[in-house]
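Report on the structure given below.
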Amino acid sequence: MNRLNLYMLFFLFLSNFVKAQSINAFAVYNTKLAEDNFSFKASLYFDSNHSTYISKQNNNPVWKIKRESYEGSYLDIVSDEVYTDTVGHLVLKTVNTPILTVRDFCDKNEPFIYDDSVEIDWKIKSETKMIADLKCTRATASFRGRRYEAWFAPEIPVPYGPWKFNGLPGLIVKLKDKKEEVVIDLFSIDLSYPGKELIQIDDTAKNKISFRQFRDCLDREWERSDKEIKATFAQLQAEHPSLEIELEAPKKRIATELEFD
Numbered sequence: 014m015n016r017l018n019l020y021m022l023f024f025l026f027l028s029n030f031v032k033a034q035s036i037n038a039f040a041v042y043n044t045k046l047a048e049d050n051f052s053f054k055a056s057l058y059f060d061s062n063h064s065t066y067i068s069k070q071n072n073n074p075v076w077k078i079k080r081e082s083y084e085g086s087y088l089d090i091v092s093d094e095v096y097t098d099t100v101g102h103l104v105l106k107t108v109n110t111p112i113l114t115v116r117d118f119c120d121k122n123e124p125f126i127y128d129d130s131v132e133i134d135w136k137i138k139s140e141t142k143m144i145a146d147l148k149c150t151r152a153t154a155s156f157r158g159r160r161y162e163a164w165f166a167p168e169i170p171v172p173y174g175p176w177k178f179n180g181l182p183g184l185i186v187k188l189k190d191k192k193e194e195v196v197i198d199l200f201s202i203d204l205s206y207p208g209k210e211l212i213q214i215d216d217t218a219k220n221k222i223s224f225r226q227f228r229d230c231l232d233r234e235w236e237r238s239d240k241e242i243k244a245t246f247a248q249l250q251a252e253h254p255s256l257e258i259e260l261e262a263p264k265k266r267i268a269t270e271l272e273f274d
């Protein structure tokens, strides 16, 4: 059976499923994106027609995460600062459209809204395995510069998944890229969740920008932060010349999405 017929059958099945049963579900994922030095829990609320992915909510405009570890006599400190707020980072999807509405941050106290057209060319494989009591099927795809493996659950026939990952004939429950810089696993799921009102995003003229503009903003912010960190380390080294300091800084902004059409 070719892929076109497979997807036609899937959407026919999904349409019949929606008529027969209304889904209100809530899933929690353990999530690690490439740009983060830490894992976090993120939530996916979905029904038969919409999904809302929520992550990195915090009461402070700058969520500071710090991890310390010793390698012999050396102290290794890894820290992150995430710009966010009580609403958090959002990805909203509606069935039968490739357009995602994304709420994300480039700077403190400055959430931006952008639309992102996402169509992932999944290759569905024959392998199956049980994950969280769900029979899952393997799929692979290349998406924006990374090669991914995903496992989805056909028994939950919705085309949703964590973050921007979607488009399979079943809920995505596990995903990682080839380098394992992006790793997402289902932590829990409630298929009888009483429902959550769909979040409405305020996309006023001030904070609605293009995806290209948002990426440019992230690049500028990374360059500013990189210069600031290097200046701080240079000053510290000048003040303490006997102190052995090693700064491991990337040469460019680390990102989950590496290439764009």
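Going letter by letter, the sequence shown gives residues 14 to 274 in the numbering used here.
Here a beta-carbon is modelled for each residue, glycine too, at the ideal position from N, C-alpha and C.
Within the segment 32 to 75, no run of alpha helix (DSSP H) reaches 4 residues while sitting entirely inside it. Residue nearest to I267 within the set D274, Q250, P124, W235 is W235 (criterion: CA-CA distance). Take K79, set aside five residues on each side of it, and the residues of its chain with a beta-carbon closer than 6 Å to its own are S92, in chain order.
Shortest Cα-Cα distance from P263 to any of D49, L105, L113 involves D49. Bridge pairing for A262: absent [DSSP]. K106 sits buried, since 16 or more C-beta atoms from the chains shown fall within 10 Å of its C-beta. Contact between V186 and C149 holds: their C-beta atoms lie close to 6 Å from each other, under 8 Å. Put simply, the segment 184 to 200 does not touch the segment 108 to 117. Fewer than three CB pairs are less than 8 Å apart.
The C-beta distance from K192 to E162 rounds to 12 Å, too long to meet the 8 Å contact threshold.
Between the C-alpha atoms of E259 and E194 there is a straight-line separation of about 23 Å.
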